[in-house]
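Engineer: The opening residue of the sequence shown carries number 3 in our numbering; numbering runs sequentially from there. Backbone N, C-alpha and C fix where the C-beta goes; we use that ideal spot for every residue, glycine too. The following block contains the structure, expressed as structure tokens.
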Amino acid sequence: MRFNFRCWRAALLAGLVAVSLLTGCRKNETEPETQGEQHTTVASNGVRIGYASEGITAVDDPKALEKAVEAMYEAAQQPGIGLEYENDAYSEDGINFDCYIANAGLNEYDMFIALYGDANYEDELFLSELIRPGQAFSEIALNHALPLGDNTVYCAFTQIAEEDGEQVIHDQIIITLNFHVHR
3 MRFNFRCWRA
13 ALLAGLVAVS
23 LLTGCRKNET
33 EPETQGEQHT
43 TVASNGVRIG
53 YASEGITAVD
63 DPKALEKAVE
73 AMYEAAQQPG
83 IGLEYENDAY
93 SEDGINFDCY
103 IANAGLNEYD
113 MFIALYGDAN
123 YEDELFLSEL
133 IRPGQAFSEI
143 ALNHALPLGD
153 NTVYCAFTQI
163 AEEDGEQVIH
173 DQIIITLNFH
183 VHR
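Spelled out as structure tokens, the structure:
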């Protein structure tokens, strides 16, 4: 399974821009309404139209909008983390798991993989050495046993780049996996 989350985010944002442009082109009967010091308009379909809030930039110049979309597209072309994994891993003892977790062959950078047993990332179950693109784990031994049944494990894929002779984090993504312990 290969996901490019940067392309996905850019496509979602471009879709939202297109939807807002299309809905803005429809003629709606509106009634002005005042909320505090902001002026809000309520369209006949119940949508509230008001001023952009903090952290949001409203673009009403078509050329500026085109430049913004081009910048998003260029950012989406930057390589993200290619993910290769099977969502389920299996064990009979809670420590040794049959699984498939890889540094996808299409990735440019080495990465390490960390597994955690909690959403706070305090219960470290496994930490790999750096692995090259195309390398994978088919078996993993955890630091301690997981309980019998189905367990949610947090898997961090962290790419490492070389900058000025030092290793730095290039990119990281965290997903959840299902680790099953059945005797």
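#1: Should threonine 178 go down as buried or exposed, given a rule of 16 or more other Cβ atoms within 10 Å for buried?
#2: Secondary structure at leucine 67, three-state DSSP: helix, strand or coil?
#3: Taking three-plus beta-carbon pairs below 8 Å as touching, is the stretch 82 to 90 in contact with the stretch 100 to 107?
#4: Just checking, does the stretch 118 to 135 make contact with the stretch 156 to 166 on the three C-beta pairs under 8 Å criterion?
#5: Quick check on the DSSP output: the beta strand (DSSP E) that includes isoleucine 177 runs from which residue to which?
#6: Out of curiosity, what's the CA-to-CA distance linking arginine 28 and glutamine 174?
#7: Does asparagine 145 pass the burial test, meaning 16 or more other C-beta atoms within 10 Å, or should it be called exposed?
#8: Taking buried to mean at least 16 other C-beta atoms within 10 Å of its own C-beta, is glycine 38 buried or exposed?
#9: With aspartate 90 as the anchor, note down where its beta strand (DSSP E) starts and where it stops.
#10: Can you give me the Cβ contacts of serine 93 inside the same chain, cut-off strictly under 6 Å, excluding the 5 residues immediately before and after it?
#11: Taking C-beta to C-beta, are asparagine 122 and glutamine 161 nearer than 8 Å?
#12: Taking a contact to mean a Cβ-Cβ separation below 8 Å, would you say isoleucine 133 touches aspartate 112 in this structure?
#13: Return helix, strand or coil for alanine 143, following the three-state DSSP convention.
#14: Among Arg185, Ala91, Ala163, whose alpha-carbon lies nearest the alpha-carbon of alanine 143?
#15: Going by the beta-carbon positions, is the gap between glutamate 141 and phenylalanine 114 smaller than 8 Å?
#16: Kindly identify the DSSP beta-bridge partner or partners of glutamate 129.
#17: Opposite glycine 151 in the DSSP bridges: which residues?
Structural biologist: Short version:
#1: Counting of Cβ neighbours within 10 angstroms places threonine 178 among the exposed residues, the total staying below 16.
#2: helix
#3: Contact holds: three or more Cβ-Cβ distances are below 8 Å.
#4: yes
#5: 168 to 183
#6: With a pLDDT of only 49 at arginine 28, under 50, the local geometry of the prediction cannot be trusted, and no value is derived from it.
#7: exposed
#8: Residue placement at glycine 38 cannot be trusted, given a pLDDT of 47 that sits under 50; what the coordinates show is reported in the next sentence. Taking every protein chain shown into account, the CB of glycine 38 has fewer than 16 other CB atoms within 10 angstroms, so this residue is exposed.
#9: Taken as a continuous stretch (DSSP letters only), the beta strand (DSSP E) holding aspartate 90 covers 90 to 93.
#10: The beta carbon of serine 93 sits closer than 6 Å to the beta carbons of Phe99, Val183 from its chain, once the five residues preceding and following it are set aside; these are given in chain order.
#11: no
#12: yes
#13: strand
#14: Among Arg185, Ala91, Ala163, the Cα nearest to that of alanine 143 belongs to Ala91.
#15: no
#16: Checking the sequence, you will find leucine at residue 129 rather than glutamate. DSSP, once it has assigned bridges, lists Ala116 as partnering leucine 129.
#17: Val183
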